[in-house]
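In UniProt numbering, the protein residues as written are 1 to 348. C-beta atoms are modelled at their ideal positions from N, C-alpha and C, and glycine is treated no differently. Remember, predicted model here, so these are calculated numbers, not experimental data. A short write-up of the structure that comes next.
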């Protein structure tokens with residue numbers, strides 16, 4: 001399958017979609033089968049004949065920790081929840097992402113990450129609207145996958161927390177910040193998904209890692225005045241971005257003034273969504289930068305301490321050791337030895 005064939009497949013109408021288009025209320029009887037007031041749908045066990053989640057054209061893998069499902073157009077699902085994680089990507093067009101207390105209009109390029117058990121639904125998915133759901137069992141996020149992803153920034157740590165920890169009913173909404181590179185990666189993932197050979201599972205894991213890393217890289221270039229909904233789940237991202245960029249001299253009061261919230265609210269927001277206090281996040285970012293400078297520059301330890309915001313060298317040593325269990329000097333020596341070992345000329 002090539003990209004043109006993929007696009008033709010995504011835009012073609014299924015029998016279910018044609019029926020729903022002609023009879024908009026036809027999907028209601030299917031959902032009435034569920035007894036719960038807020039039903040829990042498990043896409044992993046939906047089966048190939050499920051009228052809403054999948055059909056023979058967009059069938060699900062069996063016994064897999066990752067699935068791709070195109071949202072059935074013209075269907076009217078009720079508010080529901082899942083026992084898995086879900087990533088909703090607007091490939092083309094628009095839709096409405098509905099939660100119990102708020103509705104968001106999603107447009108092309110928007111990307112929403114949903115934690116398990118969050119009550120939600122999608123509305124107003126018409127013929128030209130192509131919505132892709134990536135369905136993930138929590139087992140998908142192995143320790144090795146998370147360790148690779150968590151090396152990048154405090155933003156990536158927040159994404160990992162939202163996806164993999166025991167927190168429930170969280171979501172992250174990235175609005176119109178997805179570049180064409182991500183659109184291309186999504187198409188490559190879908191093509192690989194439909195290929196479905198013995199290498200597909202590992203390929204999809206690698207593609208998704210690239211997708212999330214590219215998203216994190218893009219976030220690292222987002223300024224605080226870009227378009228984010230001012231909700232708990234989305235205002236946190238520019239706050240974390242600001243901390244990452246200004247860890248050496250930022251204060252909680254200044255951040256509160258900048259974003260228009262009380263300092264206590266900012267502090268609670270950070271703790272609730274990252275599991276770390278404001279001060280812990282700042283220290284982690286300072287030490288992260290210090291580790292980089294120790295590894296890749298010849299600056300003195302005194303200068304590095306001041307550059308990352310510590311004017312008391314003893315205090316810097318104390319904080320650095322608490323984070324790394326090494327002194328700055330020992331860390332620099334170990335880093336230099338590691339880099340020498342990695343050098344292509346190290347065995348000459």
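Check, Outcome
"Separation of residue 125 from residue 72, as counted between CA atoms", "8 Å"
"Proximity of residue 134 and residue 68 at Cβ, strictly below 8 Å", "yes"
"Cα-Cα separation, residue 305 to residue 213", "29 Å"
"Cα-Cα separation between residue 289 and residue 308, rounded to whole angstroms", "7 Å"
"Close-in-space but distant-in-sequence residues of the same chain around residue 287 (CB under 8 Å, 5 per side omitted)", "308, 319, 320, 323 and 324"
"From 138, 101 and 85, residue whose alpha carbon lies closest to that of residue 112", "85"
"Under 8 Å between C-beta atoms of residue 88 and residue 130", "no"
"Inter-residue Cα distance where the pair is residue 52 and residue 16", "Bear in mind that the predicted position of residue 52 carries a pLDDT of just 31, short of 50, making it too unreliable to give a figure here."
"Contacting residues, own chain, Cβ-Cβ under 8 Å from residue 267 (five flanking each side not counted)", "252, 277 and 278"
"Cβ-based neighbour list, residue 261, same chain, cut-off 7 Å, excluding 5 preceding and 5 following", "none"
"Residue 110 burial status per 10 Å Cβ neighbour count (16 or more: buried)", "buried"
"7 Å Cβ shell around residue 179 - same chain, five flanking residues per side excluded", "218"
"Terminal residues of the alpha helix (DSSP H) in which residue 269 lies", "263 to 274"
"Cβ-Cβ distance between residue 90 and residue 120 below 8 Å", "no"
"C-beta atoms of residue 350 and residue 127 nearer than 8 Å", "Because the chain here runs from 1 to 348, residue 350 falls outside it and cannot be looked at."
"Simplified DSSP state of residue 58, which is helix, strand or coil", "Caution applies to residue 58, whose pLDDT of 40 falls short of 50 and renders its modelled position unreliable; the value that the coordinates give is listed next. Looking at residue 58 - three-state DSSP - the assignment turns out to be helix."
"Per-residue DSSP class, three states only, for residue 253", "helix"
"Buried or exposed by the 16-neighbour rule on C-beta atoms within 10 Å, applied to residue 196", "exposed"
"Residue 94, DSSP secondary structure in three states", "strand"
"Residue 190, buried or exposed, once every other Cβ within 10 Å from all chains shown has been counted against 16", "buried"
"Residue closest to residue 184, alpha-carbon to alpha-carbon, out of 104, 211 and 246", "211"
"Residues that residue 88 bridges to, as DSSP identifies them", "112 and 133"
"Range of the contiguous beta strand (DSSP E) that encloses residue 69", "66 to 70"
"Separation of residue 116 from residue 81, as counted between CA atoms", "7 Å"
"Anticipated Cβ contact below 8 Å, residue 243 with residue 281, distance rounded", "6 Å"
"Extent of the continuous beta strand (DSSP E) to which residue 103 belongs", "103 to 107"
"Burial state of residue 364 (16 or more Cβ within 10 Å)", "Nothing in the structure corresponds to residue 364, since the chain is present only between 1 and 348."
"Classification of residue 170 by the beta-carbon crowding that lies within 10 angstroms, buried from 16 upward", "buried"
"Counted within 10 angstroms of its Cβ, other Cβ atoms place residue 107 as buried (16 or more) or exposed", "exposed"
"C-alpha distance - residue 200 paired with residue 250, whole-angstrom precision", "45 Å"
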